[in-house]
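What follows is a short report on a single structure.
Protein chains: 2
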Amino acid sequence: MAAPSSDTERQRDKDRTRADILDVATREFADKGYTGARVDEIAERTSTTKRMIYYYFGGKEQLYIAVLEQAYLAIRALEAELDVEHLEPEDAIRRLAELTFDHHEAHPDFIRLVSIENIHRAEHIARSEVLAGLANPALDGLTQILERGRAAGRFRDDVDPLDVHMVISSFCVFRLANRHTFAAIFGRDMLDPGRREHYRRMLGDLLIDYLTS
Amino acid sequence: MAAPSSDTERQRDKDRTRADILDVATREFADKGYTGARVDEIAERTSTTKRMIYYYFGGKEQLYIAVLEQAYLAIRALEAELDVEHLEPEDAIRRLAELTFDHHEAHPDFIRLVSIENIHRAEHIARSEVLAGLANPALDGLTQILERGRAAGRFRDDVDPLDVHMVISSFCVFRLANRHTFAAIFGRDMLDPGRREHYRRMLGDLLIDYLTS
DNA sequence: CGCTTAATGTACGAACTAGTGAGTTAACGC
DNA sequence: GCGTTAACTCACTAGTTCGTACATTAAGCG
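Heads up: the protein sequence lines correspond to chains A and B, in order.
Counting along the first sequence from 1, when you hit position 66 you're at 66 in UniProt numbering, and nothing is skipped either side.
Counting along the second sequence from 1, when you hit position 198 you're at 198 in UniProt numbering, and nothing is skipped either side.
In structure tokens:
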């Protein structure tokens with residue numbers, strides 16, 4: 001056989017092995033935290049061996065950083081799809097907030113990785129050339145929306161886009177990141193599907209009432 | 001000497017030894033997380049030995065649960081001091097929010113412990129008889145304020161106290177818990193003293209605008 | 001003042017954990 | 001075909017980490 005074609009199962013595949021490790025590692029780190037995750041455990045769930053983790057990534061820490069990079073880039077790629085330029089400012093804000101709301105709910109592992117990284121004071125993000133200062137497409141969209149609302153005299157003129165982004169993130173992140181202690185203390189599951197629409201609408205109301213006051 | 005008096009330095013003191021261990025352990029667990037914390041490290045920073053940790057607490061996990069219990073009870077004791085019955089509903093809401101805002105900022109270790117516990121899916125809180133279902137005095141106060149505001153026709157009548165509490169917590173917790181990744185990605189320190197008043201006021205505005213819309 | 005026991009210190013071990021040394025085999029260009 | 005090298009396997013180790021067996025000493029009581 002001359003060259004491996006797409007329908008041929010290659011026994012050795014650099015990309016597939018790497019992707020396999022990264023995928024398993026993402027789940028393991030998100031599940032157990034950086035310190036709690038075990039390299040041997042990751043290796044076992046992989047279709048390859050522990051030696052390959054060191055071959056491709058160098059060590060536990062570099063593997064964890066690679067996991068963070070992949071997770072952030074994937075989320076940012078999703079955010080870049082945001083298209084709200086055709087909407088009225090109020091509707092655009094709601095749409096943007098709901099996009100974040102939905103994204104967070106759809107990617108609990110990412111939220112867990114962020115929480116874990118904050119426990120470690122973002123030292124790994126700081127060490128990553130890819131992530132340090134990675135721009136946020138959603139923030140650019142938000143800036144434009146606020147500008148349009150302000151120009152139309154419908155939004156107050158003393159709001160910083162990053163502050164609004166912070167409010168949206170607070171709400172959406174808290175709902176996922178703190179759901180366990182919240183449920184244990186107050187007996188309410190913030191992820192209960194029956195309350196989903198209520199929270200989604202509430203976030204929009206909160207933002208619009210503030211911006212138009 | 002017959003009995004140990006208060007001015008006598010007792011060489012053996014059950015309470016002091018226990019409190020010492022608990023204090024050191026709180027800092028260690030908040031700093032490194034449950035898995036990251038080392039029993040030997042805690043012992044070393046104590047004025048006693050590792051053997052005593054096992055003598056008084058039984059093991060790493062029970063020590064961690066004891067740390068959580070003490071931290072939660074201390075915070076709840078502070079919250080119980082809330083006195084807003086003499087204030088107008090709007091001012092009472094702001095006061096309550098600012099109290100939470102200040103408390104969170106003053107107790108970063110507590111916020112870290114909560115984040116860590118959420119990573120572990122609150123399994124230790126669930127195992128603690130003291131903490132499971134521990135009532136929140138601040139929530140009772142909030143319920144009364146909302147009721148008064150609603151009766152006076154100044155607050156909307158479709159708000160759940162726990163939802164308002166969630167919004168307050170989201171904002172205050174996010175500011176502390178996610179400050180590192182937020183700073184790494186956006187270059188803004190949410191704990192910058194120069195922005196403190198801005199955030200404090202913003203939270204109040206956010207709540208009042210929503211409740212009075 | 002000696003007896004009892006709660007409180008404390010010392011030394012150690014079994015299991016785990018990140019990482020590696022050295023050899024092996026499949027893929028691919030020539 | 002064949003040599004080179006990238007991809008891969010296996011067995012192993014040095015250091016760590018929770019936990020404990022055992023010895024010891026201070027405190028209080030009759």
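Ideal placement from N, C-alpha and C gives every residue a C-beta, glycine not left out.
Quick one, which of the options has its alpha-carbon nearest residue i's?
i, options, result
"A43 of chain A", "A:A25, A:M190, A:T35, A:H107", "A:A25"
"H107 of chain B", "B:A30, B:R196, B:R12", "B:A30"
"R16 of chain B", "B:V159, B:Y56, B:M190, B:Y210", "B:Y56"
"S169 of chain A", "A:R18, A:T100, A:E41", "A:T100"
"F171 of chain B", "B:V159, B:E98, B:L63", "B:E98"
"F186 of chain A", "B:G149, B:A135, B:A77, B:A92", "B:A135"
"A37 of chain A", "A:Q11, A:A19, A:V67", "A:V67"
"K32 of chain B", "B:A80, B:E79, B:E129, B:I116", "B:I116"
"R45 of chain A", "A:A122, A:A19, A:I65", "A:A19"
"F182 of chain A", "B:E147, B:R27, B:V173, B:M202", "B:V173"
"I93 of chain B", "B:R154, B:R196, B:E41, B:R27", "B:R154"
Classify residue i as buried or exposed, calling it buried when 16 or more other Cβ atoms lie within 10 Å of its own Cβ.
i, result
"R127 of chain B", "exposed"
"G204 of chain B", "buried"
"S47 of chain A", "exposed"
"L73 of chain B", "exposed"
"P89 of chain A", "buried"
"D13 of chain A", "exposed"
"A2 of chain B", "Reliability of the predicted coordinates at A2 of chain B is poor, the pLDDT of 35 falling under 50, and the value obtained from them is presented with this limitation in mind. So A2 of chain B ends up on the exposed side."
"A80 of chain A", "exposed"
"E129 of chain B", "exposed"
"E147 of chain A", "exposed"
Within its chain, find whatever has a CB closer than 7 Å to the CB of residue i; leave out the 5 residues flanking it on each side and keep chain order.
i, result
"S6 of chain A", "A caution first: S6 of chain A carries a pLDDT of 46, below 50, which makes its placement in the model unreliable, though a value can still be read off. Nothing listed; no residue qualifies."
"V39 of chain A", "K50, I53, K60"
"G58 of chain B", "none"
"L78 of chain B", "H103"
Alpha carbon to alpha carbon, how far is residue j from residue i? Give it in angstroms, no decimals.
i, j, result
"E105 of chain B", "H198 of chain B", "14 Å"
"V167 of chain A", "L22 of chain A", "32 Å"
"R156 of chain B", "D157 of chain A", "25 Å"
"S213 of chain A", "D209 of chain B", "7 Å"
"D192 of chain A", "V164 of chain B", "17 Å"
"H86 of chain B", "L63 of chain A", "56 Å"
"R150 of chain A", "A122 of chain A", "35 Å"
"G194 of chain A", "M202 of chain A", "14 Å"
"E69 of chain A", "D91 of chain B", "44 Å"
"E28 of chain A", "I65 of chain B", "24 Å"
"T35 of chain A", "R196 of chain B", "33 Å"
"E41 of chain A", "A152 of chain B", "60 Å"
"L176 of chain B", "R175 of chain A", "16 Å"
"M190 of chain B", "M190 of chain A", "25 Å"
Would you say residue i and residue j are within 8 Å of each other, going by their C-beta atoms?
i, j, result
"I75 of chain A", "H103 of chain A", "yes"
"residue 258 of chain A", "V84 of chain A", "Within the shown structure, residues of chain A are numbered from 1 to 213, placing residue 258 of chain A beyond reach of any answer."
"N118 of chain A", "H180 of chain B", "yes"
"L162 of chain B", "R188 of chain A", "yes"
"V159 of chain A", "L207 of chain A", "no"
"A132 of chain B", "A184 of chain A", "yes"
Between which residues of its own chain and residue i is the CB-CB distance below 6 Å, once the five residues before and five after are set aside?
i, result
"A71 of chain A", "F110, L113"
"T8 of chain B", "Because T8 of chain B sits at a pLDDT of 49, beneath the cut-off of 50, its placement in the model cannot be relied upon, and the following sentence gives the value as read from the coordinates. Contacts found: none."
Give every residue of the same chain whose Cβ lies closer than 8 Å to the Cβ of residue i, excluding the five residues on either side of it in the sequence, and list them in chain order.
i, result
"L96 of chain B", "L82, V84, A138, G141, L142, I145, I168"
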